[in-house]
Structures are given as structure tokens and as C-alpha cells.
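**Q** Residue numbering for the sequence shown follows my numbering, starting at 3 and increasing by one per position.
For each residue, glycine too, the CB sits at the ideal point set by N, CA and C.
What follows is a structure written as C-alpha cells; I'll ask about it next.
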Amino acid sequence: MCRSMFSIEDVLTFIHICMLCWIRMHCHLSAVLNNFPESSEGLRRRKREWMIPPIRTPENDRGPFPKHIVQLQAHAIAADGEDREEPMEIIVEVIDMNDNTPVFTQSPFLGSVPEASFMTVTATDADDPNTDNADIRYSILSQSPQEPVPAMFVINPVTGVIRVNSAGLDREKYPVYTLELAAGDMQGDGRVGNGTAVITVTDRNDHAPQFEKTSHKVGALVVKLPVTDQDDPQSPAWTAKFRIVNDTGGFFNASTGPNKQEGIITTAKVLQ
């Protein structure tokens, strides 16, 4: 008895044709005697050749793969109809083909980066995950804007993690970046899917306050502070008095304005 197992690929047709062979087990002969040619409809014998009917399976079946399609048995008989050999088992399986393009799980991906370093993009592939057909690699195709440098970001080809690649992120100048992404199966050499990542640069405290004037002379007006009082106008209880709390350096003076309802803050020392 001879047991044969083989696989055929799910090509873009509705019919799968298999080539079969059988071996006589007589002690004086061990070579292959007959090959089964491509079959037509129906099982019939032509001289010493056996015709196998077509094995049909749906086009682009989604699996799971490998998938057991059919199990056959074949045996040889003499002209008088008597069996000459034990049945031979034939198993036909459909293996996965790379007919699925990687698809990004989100479009666009939205991320933010605090002018420093941050996000991960992902793609899925409906092919057999145990084959290279679903082995995805990521890449950045383009960056917009391309300032201050064209490669501000870099992506890990295996994990999809995007990081800042160069210094110079500035929210005030370039608040948003758009990256065109690619995900290719067969480790990047197969089918390619496209996606987008939109990156918003968030602000950080990288600017110190600046005085409008770099120096102030003694007695320079800093601010006027108007107040109100419900007591009788011009009475001693109505007149406001001002003082500065916690000015340990003694840099400022507080005084009451002419209308007695206004505080005037001036410099007491030179400010630089």
C-alpha cells in the first residue's frame, strides 16, 4: 500500500486539479508505473490511466489554513474487476496564498508629542499568521511639512513605534505633522497597505517671561490700583491706605493717589 499526502495552492480559479501516482508493491518492481493526468468530469479508466474528477473549493477561501478539503482513496483493479492492490489514501489540503493586503487598524492615527519624544501604529493581515504572508514591516513614506528637517520622525519597522528622530520641534512654527505610512507583508517585500498618522505638537514651558523694558528707574510707575469703599466719601473711614506685603527686597513703594481711592505702586530701587 502506498500513502500519499500533498498540498495545492488556492489559485484564482474555482477548480483544483491534482496529479496522483500509485506504485505496485511487487517484489520484482518498485518503480512508478502510472501517473494520473489532469482529470475531466467523471471517474473512468482509459487503458492503464485512471481519471480523477475535479476537486472544487471556493475562490479566496478565508481559512483557517491549512484547510482539509477532501480525502480520497484510490486502488487498482484488474480487467475482470478484482482488486490488485490495497487502497491508497490521498489527502488534499489548500495552503494559504498571499492574497490579503495589510490594513492599518486606524486611519488616520492621531498622536501628540510634547516637543520631545511617543505613538504606535498597527496593521493587520488576514493571511495565515504563521507564514511570511502576514509578517508585516512598517515604513514612513513622507512627512508634511518637511521642516525643520525632512526626517523629523522614525518608525520601528517591526513594532510600528514612532519616535522623534531630530531636534527642532516647535509648536509655534509647526503645530501639526502628517505622516504617510506603509505596511508591507512578506517582511516588507509583498503586498503593501497605506495609512496616515497625524501628529500634534503640544506646547511646553520653553519660553521665559520677558520684561517689556529691560530696566526701571527709581520712582517709575508700575501700576495703579483703583478701589471702592461704601463709607461716606471724604471721611477718614473712606480714605484707602496701601502697603506691600512680602517685598523682602524693598524694590517697590505703595502710596495713595490724590483721589484717596487709588493705590500707586512705584519702584524703590533700580530694576535690571
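Report yes or no: is there a C-beta of chain B within less than 9 angstroms of the C-beta of A169?
**A** The question asks about chain B, but that chain is absent: this structure has only one protein chain.
**Q** Taking a contact to mean a Cβ-Cβ separation below 9 angstroms, would you say R139 touches G190 in this structure?
**A** Going by C-beta atoms, R139 is nearer than 9 angstroms to G190.
**Q** Taking V105 as the reference, give the member of V247, P147, L183 and P238 with the closest Cα.
**A** Closest option to V105, Cα to Cα, is L183.
**Q** Taking S168 as the reference, give the member of A242, Q148, A128 and D233 with the closest Cα.
**A** If we check each option's Cα against that of S168, Q148 comes out closest.
**Q** For the stretch 91-150, which segments carrying the alpha helix (DSSP H) assignment without a break, of at least 4 residues, lie completely within its bounds, in sequence order?
**A** Segments of the alpha helix (DSSP H) lying fully in the stretch 91-150: there are none.
**Q** Nearest to D187 by CA position, among T103, V156, V123 and E87, is which residue?
**A** Nearest of T103, V156, V123 and E87 to D187, Cα basis: T103.
**Q** Can you find at least 3 beta carbon pairs, one from the stretch 249-256 and one from the stretch 228-239, that sit closer than 8 angstroms?
**A** The stretch 249-256, when compared against the stretch 228-239, does not touch it at the 8 angstroms Cβ threshold.
**Q** What first and last residue would you give for the beta strand (DSSP E) that runs through A184?
**A** Per DSSP, A184 belongs to the beta strand (DSSP E) from V178 to G186.
**Q** If you follow the beta strand (DSSP E) that R165 is in, where does it begin and where does it stop?
**A** I164 to V166 is the span of the beta strand (DSSP E), which, as asked, contains R165.
**Q** Beta strand (DSSP E) containing S257: first to last residue?
**A** S257 -> beta strand (DSSP E) spans F254 to T258.
**Q** Could you check if Q145 is buried or exposed, using at least 16 other CB atoms within 10 Å of its CB as the buried criterion?
**A** Counting Cβ neighbours within 10 Å, Q145 comes out buried, since at least 16 surround it.
**Q** Considering Cα atoms alone, identify which of W240, I164, P235 and D234 is closest to L112.
**A** With distances taken between Cα atoms, L112 lies closest to I164.
**Q** Tell me the residue span of the beta strand (DSSP E) that contains A222.
**A** From DSSP, A222 is part of no beta strand (DSSP E); its letter is neither H nor E.
**Q** Which same chain residues end up closer than 8 angstroms to T258 when comparing Cβ atoms and leaving out the 5 residues on each side of it in sequence?
**A** Once the five neighbours on either side are set aside, the close Cβ partners of T258 are T241, A242, K243, F244, E264, G265 and I266.
**Q** If you draw a straight line from the alpha carbon of I246 to that of A222, how long is it in whole angstroms?
**A** Cα to Cα, I246 sits roughly 16 angstroms from A222.
**Q** Using CA coordinates, which residue listed in D137, I142 and A125 is at the minimum distance from I157?
**A** Considering only alpha carbons, the answer is I142.
**Q** Round the Cβ separation of V272 and K219 to the nearest angstrom and send it over; I've been treating them as touching at under 8 angstroms.
**A** Contact holds; Cβ gap of about 6 angstroms.
**Q** Go to G190, then tell me how far its beta strand (DSSP E) extends in each direction, as first and last residue.
**A** It is not in any beta strand (DSSP E) - G190 carries neither H nor E in the DSSP assignment.
**Q** Once the 5 residues before and after P177 are set aside, which same chain residues still bring their CB inside 8 angstroms of it?
**A** Cβ neighbours of P177 beyond the five flanking positions: T202 and V203.
**Q** Is the beta carbon of T133 closer than 9 angstroms to that of D98?
**A** In this structure, T133 lies closer than 9 angstroms to D98 by Cβ.
**Q** Measuring alpha carbon to alpha carbon, tell me which of Y179, M90 and G170 ends up nearest P110.
**A** Of Y179, M90 and G170, the residue nearest in Cα terms is Y179.
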